[in-house]
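From first to last, the protein sequence lines stand for chains A and B. First residue of the first sequence? That's 0 in numbering that gives the first Met the number 0, and the numbers climb one at a time after it. First residue of the second sequence? That's 0 in numbering that gives the first Met the number 0, and the numbers climb one at a time after it. Idealized CB from N, CA, C, for every residue including glycine. Bear in mind the structure is a predicted one, so any value in this text is a computation, not a measurement.
There are 2 protein chains.
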Amino acid sequence: MKEKTLFLPGPTPVPPQVLRAMSAPLIGHRNKNFSALFERVQEGLRYVFQTENEVITYPAAGTGAMEAAIVNLLSPGDRILVAVMGAFGERFVDIATAFGAEVETIEVQWGQAPDPEIIAERLRADKNGRIKAVFVTHNETSTGVTLDLKGVAAAVASHPALLVVDAVSSLGGIELRMDEWEIDVVVTGSQKALMLPPGLSFCAVGPKAWEAVEKARMPKFYWDFRSYRKSAQRGQTPYTPAVSLWFGLAEALEMIQNEGLEAIQQRHNVMGRMTRAGAKALGLKLLAAEDVASDTVTAVVAPEGIAPSDIRRIMMERYGMELAGGQKQLKDTVFRIGHLGYVTPPDVLTCLAALECTLAELDFPVELGAAVQAARQEFI
Amino acid sequence: MKEKTLFLPGPTPVPPQVLRAMSAPLIGHRNKNFSALFERVQEGLRYVFQTENEVITYPAAGTGAMEAAIVNLLSPGDRILVAVMGAFGERFVDIATAFGAEVETIEVQWGQAPDPEIIAERLRADKNGRIKAVFVTHNETSTGVTLDLKGVAAAVASHPALLVVDAVSSLGGIELRMDEWEIDVVVTGSQKALMLPPGLSFCAVGPKAWEAVEKARMPKFYWDFRSYRKSAQRGQTPYTPAVSLWFGLAEALEMIQNEGLEAIQQRHNVMGRMTRAGAKALGLKLLAAEDVASDTVTAVVAPEGIAPSDIRRIMMERYGMELAGGQKQLKDTVFRIGHLGYVTPPDVLTCLAALECTLAELDFPVELGAAVQAARQEFI
Numbered sequence: 000m001k002e003k004t005l006f007l008p009g010p011t012p013v014p015p016q017v018l019r020a021m022s023a024p025l026i027g028h029r030n031k032n033f034s035a036l037f038e039r040v041q042e043g044l045r046y047v048f049q050t051e052n053e054v055i056t057y058p059a060a061g062t063g064a065m066e067a068a069i070v071n072l073l074s075p076g077d078r079i080l081v082a083v084m085g086a087f088g089e090r091f092v093d094i095a096t097a098f099g100a101e102v103e104t105i106e107v108q109w110g111q112a113p114d115p116e117i118i119a120e121r122l123r124a125d126k127n128g129r130i131k132a133v134f135v136t137h138n139e140t141s142t143g144v145t146l147d148l149k150g151v152a153a154a155v156a157s158h159p160a161l162l163v164v165d166a167v168s169s170l171g172g173i174e175l176r177m178d179e180w181e182i183d184v185v186v187t188g189s190q191k192a193l194m195l196p197p198g199l200s201f202c203a204v205g206p207k208a209w210e211a212v213e214k215a216r217m218p219k220f221y222w223d224f225r226s227y228r229k230s231a232q233r234g235q236t237p238y239t240p241a242v243s244l245w246f247g248l249a250e251a252l253e254m255i256q257n258e259g260l261e262a263i264q265q266r267h268n269v270m271g272r273m274t275r276a277g278a279k280a281l282g283l284k285l286l287a288a289e290d291v292a293s294d295t296v297t298a299v300v301a302p303e304g305i306a307p308s309d310i311r312r313i314m315m316e317r318y319g320m321e322l323a324g325g326q327k328q329l330k331d332t333v334f335r336i337g338h339l340g341y342v343t344p345p346d347v348l349t350c351l352a353a354l355e356c357t358l359a360e361l362d363f364p365v366e367l368g369a370a371v372q373a374a375r376q377e378f379i
Numbered sequence: 000m001k002e003k004t005l006f007l008p009g010p011t012p013v014p015p016q017v018l019r020a021m022s023a024p025l026i027g028h029r030n031k032n033f034s035a036l037f038e039r040v041q042e043g044l045r046y047v048f049q050t051e052n053e054v055i056t057y058p059a060a061g062t063g064a065m066e067a068a069i070v071n072l073l074s075p076g077d078r079i080l081v082a083v084m085g086a087f088g089e090r091f092v093d094i095a096t097a098f099g100a101e102v103e104t105i106e107v108q109w110g111q112a113p114d115p116e117i118i119a120e121r122l123r124a125d126k127n128g129r130i131k132a133v134f135v136t137h138n139e140t141s142t143g144v145t146l147d148l149k150g151v152a153a154a155v156a157s158h159p160a161l162l163v164v165d166a167v168s169s170l171g172g173i174e175l176r177m178d179e180w181e182i183d184v185v186v187t188g189s190q191k192a193l194m195l196p197p198g199l200s201f202c203a204v205g206p207k208a209w210e211a212v213e214k215a216r217m218p219k220f221y222w223d224f225r226s227y228r229k230s231a232q233r234g235q236t237p238y239t240p241a242v243s244l245w246f247g248l249a250e251a252l253e254m255i256q257n258e259g260l261e262a263i264q265q266r267h268n269v270m271g272r273m274t275r276a277g278a279k280a281l282g283l284k285l286l287a288a289e290d291v292a293s294d295t296v297t298a299v300v301a302p303e304g305i306a307p308s309d310i311r312r313i314m315m316e317r318y319g320m321e322l323a324g325g326q327k328q329l330k331d332t333v334f335r336i337g338h339l340g341y342v343t344p345p346d347v348l349t350c351l352a353a354l355e356c357t358l359a360e361l362d363f364p365v366e367l368g369a370a371v372q373a374a375r376q377e378f379i
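Structure, rendered in structure tokens:
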């Protein structure tokens, strides 16, 4: 049978040419061929992160790179501020707490985003400059909410704190200008808008962050930014890199460079609007308000009396499309549609058509065609 | 041009069917299809580790799993004993020191292995049972030396200390019976005898180790064994697994199960003997004595007046075969031939034939055919 089409917020579909690149015979990671690949990848990553900084590539899941950002910048007892708008904001809190940071949080209801002014206020109140770093989630995968990152960056700029951004489900698909917005560390993963399988994660590290690294005393070895910087000078990594994924990464970065970041972000914006318009046309509620709604993932509230797991099951078994469930407290209330990476507006139309049929099958009163029609208006 | 043939102690050649398996379309990691893959992989891993224990799979390099073993078992200030016989023994020391362990070492000259009796003696002297764990390298990739692991395990058995084994370049290729020998944690990586690309690493965790996990206070999040055990109960991993590498892993484990561990280890033993006999027939010295020489990697001392980098360059550029250099203090004295994983005795013959020609080209007096002839004696 045909494979399922992934409408997940990760893993996302991987282009055939990327999969093909990954199946090349292995090469040694301590020779010139690998160094050439390293330079090519580094250049592509700098483009995607919109930075001149070093980008570190770990063989690890995104959570690994989140941990790396924490242990490389902080010492036990350091105070940090984390803006929590869902499961991944909570993850920053959990990791930092495990390593002995003092964590202050700004929490909003899941489905909302904190106003940059609230962060600015909290930092103004920190007269002694005790807050060493502010951690935010650019795009909260669990709720489909995007933060006003440019606004937050401006708010943090007037305080000595570092700004660390989890851009796992945004980078590539949603505008993020690391250097222009003066962000100190940006974290992402391979299996989202970068169109790769999972297994690689990244930390882009700015000059102010490198200064903090020298003073940070949280214990670390595998994640130590300094080892990666040292090896990068000769186009290598300190520990064996996931070579096959690097082959795919080089190919995916080339595709991104060819399409162009602006065009890619425009495509994601269209897909986000289509998904929301389609869902609303079916009478479904969205978890996020329109002004903070994400261009890469949409959390849809399941109608009263219908379990999100039933919607997902029919979408999967009958229509061959895989949607994500809700995380943590949203488990029984929402399902999520990922529309990022190697996905196009026509794919979104297909997904919405199947969603209409699925709801009809579950005896939810839908006007067949309504979602497709509404989505088409956003695609014109 | 044809790709280089890898005679590296990692990455090793990857079978075409494994590369092919890796290029399947991605699947979601929170559904039944992944859980089925998880169970299949877990069963194959248990066979390779010769254990009934849980085997944890990390998206990470081998060094990550080494760090995981340390931070999950120990608290800051805990005393450990590390047997150091090369670069990877030193790595255990470096990681444990970074996390605040008190590290005692048993050091031998590079190219030798510690006698189990020396470890037994040191443990007998530890009357107050202060040593919490013994860390050893089963097969030291940097020197081509194999430890008498069964002997070491017996030596540790009479002391309460845990036994942690780095089996990165041995597991699969060299006998290791985790349960029968009562080893508490075994660490390995994907890119050696498991015939996969790099990017996955593993910790098999025994019951005594799980008890230690409950008391261990070194800070951790990503590596926390307990999160992996909890997710394993529903056939999942706590953070996004490197799905494509898992596809390859399932295929590689099936190949290993089909060939059979005993046959595989016999094949590696033959290749080790062939390589050593061939090198010696050319008048080359080996770093390791025959009684501790490794079946998976051989460190050959470059002849007086010939740089190992010249040998490697000609092998690479003219014969299309990639050998490894020496690590750390061995950088200018040895080159290393990896003969593990998807490699056969005829491959070793080819490598030795090319080595003969390379040495002749460098004006080292060789009798052409001598290495092949000597190796053939071990292959009969």
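At a cut-off of 9 Å between beta-carbon atoms, leucine 72(B) makes no contact with chain A. Using a Cβ-Cβ distance cut-off of 8 Å, the segment 93-101 of chain A and the segment 255-270 of chain A are not in contact, since fewer than three pairs of beta carbons, one from each stretch, lie closer than that value. Glutamine 108(A) and tyrosine 227(B) have their C-alpha atoms spaced approximately 29 Å apart. In this chain, the alpha helix (DSSP H) harbouring isoleucine 310(B) covers 307-316.
For glutamate 321(B), the closest Cβ of chain A is nearer than 9 Å. Of all C-beta pairs linking the segment 308-316 of chain A to the segment 9-24 of chain B, fewer than three are shorter than 8 Å, placing the two stretches out of contact. Against chain B, the CB of alanine 60(A) has a partner CB under 9 Å away; the residue lies at that interface. Residues of chain A with a Cβ closer than 9 Å to the Cβ of arginine 19(B) are, in chain order, Ser22. Here isoleucine 379(A) is exposed, its C-beta having fewer than 16 other C-beta atoms within 10 Å. Chain B places a beta carbon closer than 9 Å to that of threonine 11(A), counting this residue as a contact. At a cut-off of 9 Å between C-beta atoms, histidine 28(B) counts as an interface residue with respect to chain A. In the structure shown, threonine 295(A) adopts coil according to DSSP, grouped into three states. Taking a Cβ-Cβ threshold of 7 Å, the residues of chain A close to valine 242(B) are Pro10, Pro196 and Pro197, in chain order.
Flagged as an interface residue toward chain B: lysine 3(A), by a C-beta distance shorter than 9 Å.
The C-beta separation of methionine 217(B) from leucine 73(B) comes to about 5 Å, placing the pair in contact by the 8 Å criterion.
In the structure shown, the three-state DSSP call for glutamine 111(B) is strand.
Lysine 126(B) sits exposed, since fewer than 16 C-beta atoms from the chains shown fall within 10 Å of its C-beta. Look at tyrosine 57(A) here: in three-state DSSP terms it is strand.
By the beta-carbon neighbour count (other beta carbons within 10 angstroms, threshold 16), leucine 161(A) is buried. Serine 157(B) and asparagine 52(B) have their C-alpha atoms roughly 22 Å apart.
In its chain, beyond the 5 residues on either side, Gly277, Leu348, Leu351, Ala352 and Glu355 have a beta carbon closer than 8 Å to the beta carbon of valine 371(B). Beta-bridge pairing by DSSP links phenylalanine 6(A) to Leu322(A).
If you draw a 10 Å sphere on the C-beta of leucine 329(A), you find 16 or more other C-beta atoms in it, and that means buried.
Below the 7 Å Cβ cutoff, chain A contributes Ala97, Phe98, Gly99 and Pro218 as neighbours of proline 218(B), in chain order. Cysteine 202(B) has Ile55(B) and Val186(B) as its beta-bridge partners, per DSSP. Its Cα nearest to that of glycine 171(B), the residue Gly43(B) stands out among Arg123(B), Gly43(B) and Glu321(B). The straight-line gap separating the alpha-carbon atoms of arginine 335(B) and serine 308(B) is approximately 11 Å. The C-beta separation of leucine 244(A) from proline 196(A) comes to about 7 Å, placing the pair in contact by the 8 Å criterion. About 4 Å separates the beta carbon of glutamine 326(A) from that of serine 141(A), a gap short enough to meet the 8 Å contact definition. Against chain B, the beta carbon of isoleucine 94(A) has neighbours under 7 Å at Phe220, listed in chain order. Residue pairing by DSSP places threonine 136(A) opposite Asp165(A) in a beta bridge. Listed along chain A, the residues sitting closer than 7 Å to leucine 7(B) by beta-carbon distance are Gly27. Exclusion of the five residues before and after alanine 359(B) leaves Val365 as the residues of its chain whose Cβ lies within less than 6 Å of its Cβ. With 16 or more other CB atoms across the displayed protein chains lying within 10 angstroms of its CB, glycine 271(B) is buried. Listed along the chain, the chain A residues whose CB falls inside 7 Å of the CB of glutamine 190(B) are Thr239. Between the segment 78-90 of chain B and the segment 219-238 of chain B, the count of Cβ pairs shorter than 8 Å is below three; the stretches do not touch.
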